[in-house]
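As structure tokens, the structure follows; a few thoughts come after it.
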Amino acid sequence: LGREGKIAKPRQLHNTHWGMVCPAETPEGQACGLVKNLSLMSCISVGSFSGPVIEFLEEWGLESLEENAHSATPCTKVFVNGVWMGVHRDPANLVKTIKKLRRKDDISPEVSVVRDIRERELRIYTDAGRVCRPLFIVEDQQLLFKKKHLRWL
Numbered sequence: 001l002g003r004e005g006k007i008a009k010p011r012q013l014h015n016t017h018w019g020m021v022c023p024a025e026t027p028e029g030q031a032c033g034l035v036k037n038l039s040l041m042s043c044i045s046v047g048s049f050s051g052p053v054i055e056f057l058e059e060w061g062l063e064s065l066e067e068n069a070h071s072a073t074p075c076t077k078v079f080v081n082g083v084w085m086g087v088h089r090d091p092a093n094l095v096k097t098i099k100k101l102r103r104k105d106d107i108s109p110e111v112s113v114v115r116d117i118r119e120r121e122l123r124i125y126t127d128a129g130r131v132c133r134p135l136f137i138v139e140d141q142q143l144l145f146k147k148k149h150l151r152w153l
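Sequential numbering from 1 applies to the sequence shown in full-length UniProt numbering.
So, in structure tokens, the structure goes:
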């Protein structure tokens, strides 16, 4: 993609960039919108060992692929860093538990959890190189943000 092109799409921010790419910081002239900078609050993950997450999954009812090959019960596929580890029968409870452990710092705060209900997939990422942004946790219409959280930023 050359800088001389007049196509607008590559110069626009996509909605998935929210909180990760700065919408204002871009050079003027031909490179306007083509050079994108990280927002001040975002960071790049350094990665963490996936072993503790895999051990937790095995303790919390992860079923192997062989055990569940011919099961009629709908299960959710569980992936860790893109590798299919097995299936789980109660993904909502599993996601809730992983988030609790992450908030208590029992597993790395960098661990990302994505549940795709339509595809029946649960994807957990511990690898390096992901753009992360801080998330505000709201419970019962109250923001759970304290001074200790401010220091982390």
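Positions of the beta carbon are idealized from the N, C-alpha and C atoms, including for glycine. Predicted model, so just to flag it, every value in this text is computed and none were measured.
Please say whether V80 and V95 have beta carbons closer to each other than 9 angstroms?
No. Outside cutoff.
Distance, Cα to Cα, V87 vs A24?
Between the alpha carbons of V87 and A24 lies a distance of about 43 angstroms.
Let's test the definition: count the other Cβ atoms within 10 Å of the Cβ of P91 and tell me whether it reaches 16, buried, or not, exposed.
By the neighbour-count criterion, in which a residue is buried when 16 or more other Cβ atoms sit within 10 angstroms of its Cβ, P91 is buried.
For P109, I'd like the list of residues in its chain whose CB is within less than 7 angstroms of its CB, leaving aside the five on either flank, ordered along the chain.
These residues qualify, in order along the chain: R102.
Closest by C-alpha distance to V111, when choosing among E119, G129 and R120
Ranking the options by Cα distance to V111, first place goes to G129.
Indicate the three-state DSSP secondary structure (helix, strand or coil) for K9 in the structure shown.
Per DSSP, reduced to three states, the secondary structure at K9 is helical.
Between L38, Q30, Y125 and L135, which lies nearest to V46 when the distance is taken from Cα to Cα?
The shortest C-alpha separation from V46 is found at Y125.
Contact under 9 angstroms by Cβ, S48 with M20:
Result no, Cβ atoms of S48 and M20 do not sit closer than 9 angstroms.
Going by C-alpha distance, which of E55, P74, Q30 and W84 is nearest I98?
Measuring from the Cα of I98, the nearest candidate turns out to be E55.
Do you know offhand how far C32's Cα is from R11's?
Distance between the alpha carbons of C32 and R11: 7 angstroms.
Within the stretch 89-138, note down every full beta strand (DSSP E) run reaching 3 residues or more, in order along the chain.
112-116 and 121-125, all fully within the stretch 89-138.
Cβ pair V131, S50 closer than 9 angstroms:
Taking C-beta atoms as the reference points, V131 and S50 fail to come closer than 9 angstroms.
Between H14 and C22, what straight-line distance do the alpha-carbon atoms span, to the nearest angstrom?
Cα-Cα distance, rounded: 11 angstroms.
Rounded straight-line distance, which links the Cα of L143 to that of L122
Rounded to the nearest whole angstrom, the CA to CA distance from L122 to L143 is 26 angstroms.
Would you kindly work out how many angstroms separate the C-alpha atoms of V35 and E28, rounded to a whole number?
Straight-line Cα distance between these residues: approximately 10 angstroms.
Residues bridged to Q142 [DSSP beta-bridge criterion]:
DSSP, once it has assigned bridges, lists E139 as partnering Q142.
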